[in-house]
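Peer 1: Under my numbering, the first residue of the sequence shown is numbered 26, with each subsequent residue one higher.
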Amino acid sequence: ISARYLATAGHCFNNLSPDIVFHRDCNRPGLCFARVREHDLTRRELGERNIDIAALHLPPGRDVDLAIVELSEAVLLDERAQIVKVSTKNLKRGDIVTTVGWGLAFQSGQPDELLKAELTVSDVDAAGGFTYTEVGRTQLGNPVDTCAGDSGGPLLAWRDGAWLLYATLQGGGYNCEKDKTSGDGVWNS
């Protein structure tokens, strides 16, 4: 959302490991970082690197699964890494949206390349705190949705010549590990 701030889901920082407590341990360089400019795991890419997380900003209360990550230094911005503006408006039922992520890909493990999916908004709660997306289907009937490892990923829509961020992934929808759908995907608006 800026050269030094990332938006993600708060639950991504709940249990980093049994031995790591974010606010206690992430002040050591190299322990907690964001991998930036990564698009393909099979090769080293221009500017790809880890940047230490300087601070984690969580909203007050427990019902908002959102985190703003502050990096220790700015990301190099160009055509391979850009800022996405945060929308001030809600999506509406029927809107076509896009997400990207590194989560599991239909029971075949983690992909080598960043994956992209188009989804349809099924609902937005009255308060605007959550957006829901339906599980799509390919022409062969396979599910199209996020999966384990995609948490915190962006829900984007193309508006007026630019990508806008509307929400980050909380979970739900298709579970590719079990090959089952459990309702719609839930996004933190």
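Ideal Cβ positions, reconstructed from N, Cα and C, are used throughout, including at glycine.
Which residues in the same chain as Asn200 place their Cβ atom closer than 8 Å to its Cβ, once the five residues preceding and following it in sequence are excluded?
Peer 2: Exclusion of the five residues before and after Asn200 leaves Cys172, Ala173, Thr206 and Ser207 as the residues of its chain whose Cβ lies within less than 8 Å of its Cβ.
Peer 1: Okay, do the region 60-72 and the region 96-112 touch, 3+ Cβ pairs below 8 Å being the bar?
Peer 2: Flag = yes, the region 60-72 and the region 96-112 touch.
Peer 1: Taking Glu202 as the reference, give the member of Asp148, Ala32, Pro168 and Ser97 with the closest Cα.
Peer 2: Looking from the CA of Glu202, the closest CA among Asp148, Ala32, Pro168 and Ser97 belongs to Pro168.
Peer 1: In terms of residue numbering, what span does the beta strand (DSSP E) encompassing Gln195 cover?
Peer 2: Ala187 to Asn200
Peer 1: Taking just the CA atoms, how far does Leu194 sit from Ile26?
Peer 2: Across the structure, Ile26 and Leu194 are spaced so that their CA atoms are roughly 15 Å apart.
Peer 1: Run through DSSP, which three-state label would Gly166 get?
Peer 2: The DSSP-derived three-state label of Gly166 is coil.
Peer 1: What did DSSP end up calling His82 once you bin it into helix, strand or coil?
Peer 2: strand
Peer 1: Go ahead and label Leu56 buried or exposed: buried means 16 or more other beta carbons lie within 10 angstroms of its beta carbon, across all protein chains shown.
Peer 2: Answer is exposed; the Cβ neighbour count stays below 16.
Peer 1: Taking its Cβ as the centre, do 16 or more other Cβ atoms sit within 10 Å of Ser176, making it buried, or is it exposed?
Peer 2: buried
Peer 1: Taking Tyr191 as the reference, which of Gly153, Asp209, Gly198 and Glu159 has the closest Cα?
Peer 2: The residue with the shortest Cα to Cα distance from Tyr191 is Gly153.
Peer 1: Going by the DSSP bridge assignment, what does Val160 pair with across the sheet?
Peer 2: In the DSSP output, where bridge partners are listed per residue, Val160 has none listed.
Peer 1: Give me the residue from Asp204, Ile121, Gly196 and Gly210 with the minimum Cα distance to Ala34.
Peer 2: Gly196
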